[in-house]
Structures are given as structure tokens and as C-alpha cells.
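K.L.:
Just so we're aligned: 194 in full-length UniProt numbering is position 194 of the sequence shown, and the numbers increase by one with no gaps anywhere.
The structure is given below, and queries will be raised subsequently.
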Amino acid sequence: GEMAIGFKVLGGKTFYFTNDGIMSKGIVEIGEEVYYFNGLGRMETGWIDSDNNKYYFDEDGKAHKGFLELEGKKYYLNEKGIMQTGIVVVDGKTYYFNSDGEEITKGWFESDGKKYYLNEDGTLKVGLNNIDGNLYYFADDGSMLNGWIDVGGKRYYFNEDGRMHKGWKDIGDKSYYLDVNTGEMATGFKVLGGKTFYFTNDGVMSKGIVEIQGENYYFNGLGRMETGWITVGNNRYYFNENGKMHKGWKDIGDKSYYLDVNTGEMATGFKVLGGKTFYFTNEGVMSKGFVDIEGSTYYFNNLGRMEFGWLTLGVEKYYFNEDGKMQKGWSTIGNDKYYFNEDGRMHRGWKDIGSKSYYLDINTGIMATGFRELGGQTFYFTNDGIMSKGWTEVKEDKYYFNDFGRMQKGWQKIEGKEYYFYPESGIMAKSTIIDGREIDENGVVKDLTKKLIVVDPGHNYGGDYGAESTIDGVIYKETELDMFIAVKLKNELEKQGYNVVLTRQIFERPMDDLNTSIAKRVDLANNLNAAAFISIHHDSSNSIMAKGTTSFYSSWKSGLDNTDIVPGKDPNGYDWYDLSVDLTPTKEALVGKDLAKTIVDNLSSDVNYSNRKEHDRNLGVVKRTNMPSVLVECGFITNPEEAKKAADPNNQQKIAESIAKSVKQVIG
């Protein structure tokens with residue numbers, strides 16, 4: 001009747017009852033041991049599955065713990081007696097048990113998606129191991145690794161099957177090289193198959209331009225280092241025999257190139273280096289000599305430097321502006337002008353452009369301006385350098401140049417008119433007498449078919465000065481008043497068709513002594529072979545009452561006839577001077593007398609002057625001239641009324657018209 005507790009063998013079966021007498025079932029821990037009792041409470045042995053765990057109970061019913069060998073198979077059960085599967089570490093050693101709990105003692109196995117390899121002693125391989133001739137790498141937990149692995153400072157690559165890779169390996173768009181013997185990942189330079197490659201510290205094969213320790217190299221699409229000329233993108237580079245990118249100047253054969261000192265890019269086009277300008281072709285060749293660039297010509301010396309300014313090549317000269325462009329055509333340099341031919345040569349000598357001619361100095365090339373002596377001939381060039389032809393005015397002087405540009409000198413007939421050009425200067429003469437021929441204010445020689453009248457404004461500003469008077473504070477000067485009438489008389493005579501020459505011009509101020517003054521007047525008229533000579537004067541007297549007009553002639557013409565000359569009297573009663581008369585006067589003397597009478601008669605009636613008659617008197621200008629000659633006194637400047645008339649331009653004009661009428665009546 002006693003309640004059972006503890007183990008109890010009943011009917012040959014072992015049971016276990018708790019201290020409360022309850023029969024145990026399932027897995028039961030008793031003390032440090034584990035047992036199994038089935039649903040009937042009977043203790044069982046051998047393999048038992050319970051709660052997804054598997055146990056092995058020995059003959060004594062105790063759960064086996066530790067290694068278990070059955071039928072040649074080995075199992076491992078932990079301290080709870082549970083059979084282990086997968087990787088189990090026992091006493092520091094790693095073992096692998098399959099899903100049946102059986103120990104795999106050697107070779108490959110997988111667990112949780114990982115692969116392992118067991119040694120013959122059942123331990124997992126770790127680290128680098130050679131298996132069947134292939135190298136594998138296992139982590140510390142024995143799992144096989146793949147991909148990049150660092151081992152002992154070296155880097156390796158293991159394929160997906162775990163085998164160490166050797167040789168080339170492409171991963172994505174990157175290439176690597178693993179030593180064919182050791183499998184070590186290559187870094188740095190590597191010669192493979194006679195070709196040089198470069199691998200980064202990450203083992204990536206380099207492509208393109210790569211900087212390595214301050215130097216640049218080029219590796220093509222296959223990673224092979226290349227030398228010589230390489231085009232990358234739009235740029236071109238040069239790599240020396242050692243593969244290093246060249247920077248700076250590079251000579252190849254007889255050609256020079258420049259590679260940028262920073263980028264190594266081959267220079268093309270214009271480049272300023274060291275303050276000098278160079279030009280490189282599209283092929284990078286440094287230019288020398290003449291080069292045409294975009295429509296302009298440049299010159300680069302033997303060092304390739306662009307020339308600026310003047311350049312002498314042999315005997316030829318060229319000029320390049322501040323941009324280095326060779327000048328063509330006209331160019332102003334400094335204050336001078338030059339002409340450069342189409343090939344840029346500075347022109348020397350004559351140059352025709354269209355219908356215009358120019359001269360460039362034979363030595364300097366400077367365009368000629370102004371007067372220039374060339375080959376013994378005088379030429380004139382305008383400020384624009386154009387050679388003058390025909391009429392040319394320079395500083396109010398006129399010149400004439402023929403169709404060849406040569407200055408004309410001496411007597412010249414131009415467009416039917418005659419002119420005179422001074423031999424020394426080439427200046428056209430005007431308002432003067434040369435070789436007995438009168439030249440008007442326009443430089444034209446007067447028509448010799450017309451009669452020539454010499455009009456003499458009496459006196460000068462020197463030893464032959466005329467009379468003066470002062471009336472009511474007004475000064476009347478005969479020398480000037482004579483000129484005013486003479487100029488007007490000249491105009492009136494020219495209207496009537498005469499050629500007229502003045503013995504002095506209104507702009508002249510001759511200072512000759514009396515004798516010289518008279519001699520010049522006489523010589524002028526005689527040399528011109530004038531048809532008549534009229535000397536204009538004004539009278540003066542100590543008496544302010546003296547008035548009227550007087551004329552003088554000479555019956556004795558000393559230059560024509562000196563026979564029958566005797567002392568005599570003036571026919572009209574002037575006896576206050578000595579007189580020599582010609583008993584047989586010449587025709588010129590008789591006409592002169594007639595002209596003298598006609599003039600005073602007309603002045604008396606036309607201008608209302610008192611007629612003081614014509615008088616025979618041996619005055620130099622009427623005696624020594626070889627043509628009809630008259631000296632006419634146009635009123636008294638000492639008479640207040642006649643002085644005012646003498647200064648009146650209207651009265652001067654009337655006197656001129658009256659005298660001109662008289663000349664026409666007598667000379668014809």
C-alpha cells in the first residue's frame with residue numbers, strides 16, 4: 001500500500017515517479033541525467049524524437065551526451081542529450097553533422113547556404129587551403145569565402161565556386177589581374193605578354209590618362225600602356241618611350257612641338273610662351289617662315305617666334321603689325337607711309353596703282369611727298385603720295401608737270417597758251433616781263449598780236465620818291481596815287497584789246513635811286529618794243545592855287561635819232577628848263593606829241609581839269625623810250641580841291657577812262 005516514488009521496475013519495464021508519486025512521461029531530467037518515458041510511462045532507450053529534438057538513450061536509459069558512434073556513424077549530443085546538426089564546436093574543434101546528425105568527417109558540405117570543408121580529423125578548414133589543386137579561403141568559422149580577400153597583406157580574388165582566380169578578371173566595367181602563379185592581385189606597373197599595364201592600389205586596370213607619382217601615362221582600352229602620339233577626346237598628347245607624358249618642347253626629326261607644361265596637351269594655333277608668340281599647325285608642328293592663317297600672313301623665325309615690326313630677309317624688307325600680321329598695300333608706320341606688295345615685300349621705286357603713280361624711296365621705302373629730285377628731274381607728290389601731273393599749286397605758287405610727272409621749266413606752251421617757269425624753282429612766273437614778253441597775273445604770256453602799252457606808275461619808295469602834301473590833316477602821296485590810276489588805266493586799256501605792262505606792281509616797294517629807277521622803266525619799255533609809253537604823275541606847287549593837268553613829250557628820241565638836235569624852246573611857252581629839240585623829229589616823237597595833246601585835251605573836257613597844255617621836255621622817260629611816250633600830270637596834290645579829286649576812286653576811274661580813250665584815238 002506504500003506510494004511509489006523514484007525508479008520502479010514493474011512488469012519488466014522501468015518507470016519513474018516523482019516525489020508526489022506521479023508517473024513521469026516524456027523527457028525528464030533526473031539529477032544530472034536525462035531520460036525518456038513514453039506515453040505509458042515506460043522508460044525507453046535508443047533514438048527518440050521529442051519536441052523536434054532527437055535523443056539517444058543508452059541501455060541504462062540515460063540520454064547519451066557527447067560523441068556517439070553507432071553502426072560506423074558518429075553523432076554528437078549536447079549536454080541535454082539533444083542530437084546536434086550542422087556545425088558544432090567541441091573543445092575548440094569544429095565539426096559538421098548532417099541533417100541526420102551524422103558527422104561528416106572530410107570534404108565539402110553546405111550549411112545555411114554556406115560551404116565548408118572538413119579535414120580528415122573532422123575539423124573545418126580555415127584560412128587559405130589547397131583542395132584538389134585549387135586554392136580556397138575559409139573564414140574563421142570555416143565558411144568558404146569568395147570575392148576579394150586580403151591575406152597577409154596580399155589581395156586575392158576567389159570565384160563564386162570558391163576557387164582562387166588567376167589571370168585576368170573582369171568585374172563590371174573594371175579589369176583586374178591576379179598573378180597566374182600566386183593569385184596575388186596586381187598593383188602598380190605590370191608587364192604582361194610584353195605589354196605594360198598599370199593597376200591601382202585597388203587592383204583596377206588603368207585606362208586613359210593616369211597620373212602616377214606625379215607623371216602622366218596613357219593606357220589604351222585594353223589597358224596597354226602606349227607611347228608616341230595619342231589622341232584623347234579632342235586633345236593630342238605625346239608619351240615618351242618610358243610611357244611618361246611629355247610636357248614642354250619636343251623635337252621629333254626636324255619638327256618641333258609644344259606640350260602644355262601642366263596638362264600635356266599638344267599646342268595648336270597661336271600660343272604665347274615666355275612672352276613670345278608661336279603658331280602650331282593642326283598637327284601640332286611649330287611653324288617657321290611665312291604662314292597664311294585665316295587670310296593673314298605671319299612670319300615665324302627659325303626658333304618659331306612670331307616677328308613683329310620690321311623684318312629684313314636678304315635684300316627684302318617686310319613689316320608686321322602689333323598682331324603679327326604682314327602688311328600689304330599701304331601702311332602708315334610711325335609718321336611715314338609705305339607700300340607693301342601682295343607678297344609683303346616693301347616696295348621701292350615707282351609704283352602705279354590704277355591711274356595714279358607713287359614713288360617709294362629706293363633705300364627706305366618711305367612714300368615720297370612734296371618735291372623730289374629723281375634721275376635729274378623734279379617731281380611733286382601730294383600728301384597722299386600721288387605724283388602730280390598738269391597744274392599743281394604749292395603754297396600759292398603754281399607749277400606744271402608733264403604726263404610723266406616731270407616738272408616743266410622755262411617757256412612752255414600749255415593748251416594753246418604760253419607760260420614761263422623759272423629754271424631754278426619751276427615756279428610759274430606771273431605779272432612780270434621775261435625776255436621782253438609780258439606775263440599776266442595768271443601766268444599767261446600776252447598775245448603778241450595785240451599792241452603793247454607800257455603804263456608807268458611814276459616814282460618809287462626810294463631815291464625816286466614822289467611828292468607829298470598834307471591838307472586838313474590828310475596826307476596825299478604821289479607814289480601811291482600814281483599807282484591807283486595806273487592800275488585802273490591798265491584795266492581800261494585791256495578792255496580795249498591792248499596788252500598792258502606796269503613798270504611796277506601794286507604789291508612792290510622798289511627802293512632804287514633816281515637814275516636806276518628811270519633806267520629800269522625805259523629798258524622795260526624798249527625791250528618790250530611797246531607801242532606806247534604813258535607815265536602817270538601828279539603835280540605839286542608851292543602855291544595852293546596851282547591847278548590843272550599837264551602833259552610832256554620829247555621831240556628828241558635819243559635812242560632813235562641824234563641828228564639835227566639843237567637847243568630850243570617849248571612851243572607852249574615853258575621856259576624854266578633847258579630844252580634840246582630835234583629839228584627833224586622821228587615818227588615816234590611826232591605821235592608822242594599828238595598823244596600828249598590829246599590826253600590833256602580830253603582830261604580837261606572829260607574830268608573838268610584846267611588844260612595846262614602839252615610841253616616838249618627832255619625828261620628821261622619820254623626822251624629815252626623808243627616809242628610814242630607821254631608823262632601826264634593828273635592835277636595838283638597841293639591844291640585842296642584837286643588833292644581830294646586825286647584821292648577819289650571815282651575820279652581816278654574817270655582819269656583812266658579818259659587817257660585810255662586818248663590812246664585809242666592816237667595809237668589805234
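Heads up, the beta-carbon is just placed ideally off N, CA and C, and yes, glycines get one too.
Quick test of the definition: if touching needs 3 or more C-beta pairs under 8 Å, does the region 584 to 597 touch the region 546 to 565?
P.N.:
As far as the Cβ criterion goes, the region 584 to 597 touches the region 546 to 565, which means the pair count is three or higher.
K.L.:
Note down, in chain order, each residue of its chain lying with its Cβ closer than 7 Å to the Cβ of N19, except the 5 sequence neighbours on either side.
P.N.:
Correct list, in chain order: I5.
K.L.:
In terms of alpha-carbon separation, which member of K288, S296, L303, G334 lies closest to W310?
P.N.:
Here the closest residue by C-alpha is G334.
K.L.:
Given a cut-off of 8 Å, decide if G466 and D512 are closer than it, judged by their beta-carbon atoms.
P.N.:
No, the Cβ-Cβ distance between D512 and G466 is not below 8 Å.
K.L.:
Which residue wins for smallest C-alpha separation from G274, given the options T297, W249, S662?
P.N.:
W249
K.L.:
Among the residues of its own chain, which have a CB less than 8 Å from the CB of L514, if the five just before and after it don't count?
P.N.:
G463, D464, listed in sequence order.
K.L.:
Going by DSSP, name the residue or residues bridged to P567.
P.N.:
S580
K.L.:
Run through the region 262 to 303 for me and flag every whole beta strand (DSSP E) of 3 or more residues, listed as ranges in chain order.
P.N.:
269 to 273, 276 to 280, 289 to 293, 296 to 300
K.L.:
Decide if M545 is buried, meaning its Cβ has at least 16 other Cβ atoms within 10 Å, or exposed.
P.N.:
exposed
K.L.:
Taking Cβ to Cβ, would you say K115 is nearer than 8 Å to S143?
P.N.:
yes
K.L.:
Evaluate M3 with the Cβ neighbour count: other Cβ atoms within 10 Å of its Cβ, from every protein chain shown; 16 or more gives buried, anything less gives exposed.
P.N.:
exposed
K.L.:
Taking only three categories from DSSP, how would you classify L481?
P.N.:
Three-state result, L481: helix.
K.L.:
Of all the options D60, D51, E29, which has the alpha carbon lying nearest to the alpha carbon of V9?
P.N.:
D60
K.L.:
The alpha helix (DSSP H) with D594 in it runs from where to where?
P.N.:
587 to 606
K.L.:
Tell me which residue opens and which closes the beta strand (DSSP E) that K413 is part of.
P.N.:
410 to 414
K.L.:
State the beta-bridge partners of N53 as determined by DSSP.
P.N.:
S50
K.L.:
Going by DSSP in three states, K250 sits in which element: helix, strand or coil?
P.N.:
strand
K.L.:
Which residue marks the beginning of the alpha helix (DSSP H) containing Q653, and which one marks its end?
P.N.:
649 to 667
K.L.:
Check R155 in the structure and name its three-state DSSP category.
P.N.:
strand
K.L.:
Just the Cα atoms here: how many angstroms apart are N78 and L135?
P.N.:
34 Å
K.L.:
How would you call F67, buried or exposed, if buried means at least 16 neighbouring beta carbons within 10 angstroms?
P.N.:
By the beta-carbon neighbour count (other beta carbons within 10 angstroms, threshold 16), F67 is exposed.
K.L.:
Only counting runs of 4 or more residues, tell me where the alpha helix (DSSP H) segments fall wholly within the region 447 to 528, in order along the chain.
P.N.:
You should have 478 to 495, 514 to 528.
K.L.:
Alpha carbon to alpha carbon, how far is G410 from K446?
P.N.:
16 Å
K.L.:
Given a cut-off of 8 Å, decide if N639 and K613 are closer than it, judged by their beta-carbon atoms.
P.N.:
By the CB criterion at 8 Å, K613 and N639 fall outside the cutoff.
K.L.:
Going straight from the alpha carbon of E373 to that of F381, what length do you get?
P.N.:
11 Å
K.L.:
Let me make sure I understand the geometry here. Which of N201, G221, R224, N220 has the alpha-carbon closest to that of V213?
P.N.:
Per the sequence presented here, residue 213 reads as Gln, with Val not at that position. Among N201, G221, R224, N220, the Cα nearest to that of Q213 belongs to N201.
K.L.:
For V591, collect the residues of the same chain with a Cβ closer than 6 Å to its Cβ; drop the 5 residues on either side in sequence, then sort them by chain order.
P.N.:
P628
K.L.:
Which two residues bound the contiguous alpha helix (DSSP H) that contains V621?
P.N.:
Where V621 is concerned, the enclosing alpha helix (DSSP H) stretches over 620 to 623.
K.L.:
Using CA atoms only, rank isn't needed, just tell me which of F239, Y400, E424, G473 is closest to K417.
P.N.:
Y400
K.L.:
Could you have a look at A646 and say whether DSSP puts it in helix, strand or coil?
P.N.:
helix
K.L.:
Run through DSSP, which three-state label would E79 get?
P.N.:
coil
K.L.:
Can you check which of these residues, L70, H537, G46, R224, is closest to E480 by C-alpha distance?
P.N.:
H537
K.L.:
Does DSSP put residue 753 in a helix, in a strand, or in coil?
P.N.:
The shown model of the chain, from 1 to 668, leaves out residue 753, and the question about it has no answer.
K.L.:
Can you name, in chain order, every residue of its own chain whose Cβ lies under 8 Å from the Cβ of F37, other than the five neighbours on each side?
P.N.:
F15, Y16, M23, S24, K25, G26, V28, M43, E44
K.L.:
On the DSSP letters alone, give me the boundaries of the beta strand (DSSP E) that V89 sits inside.
P.N.:
Counting along the chain, the beta strand (DSSP E) containing V89 begins and ends at 86 to 90.
K.L.:
May I ask you to report which of helix, strand or coil DSSP gives H537?
P.N.:
strand
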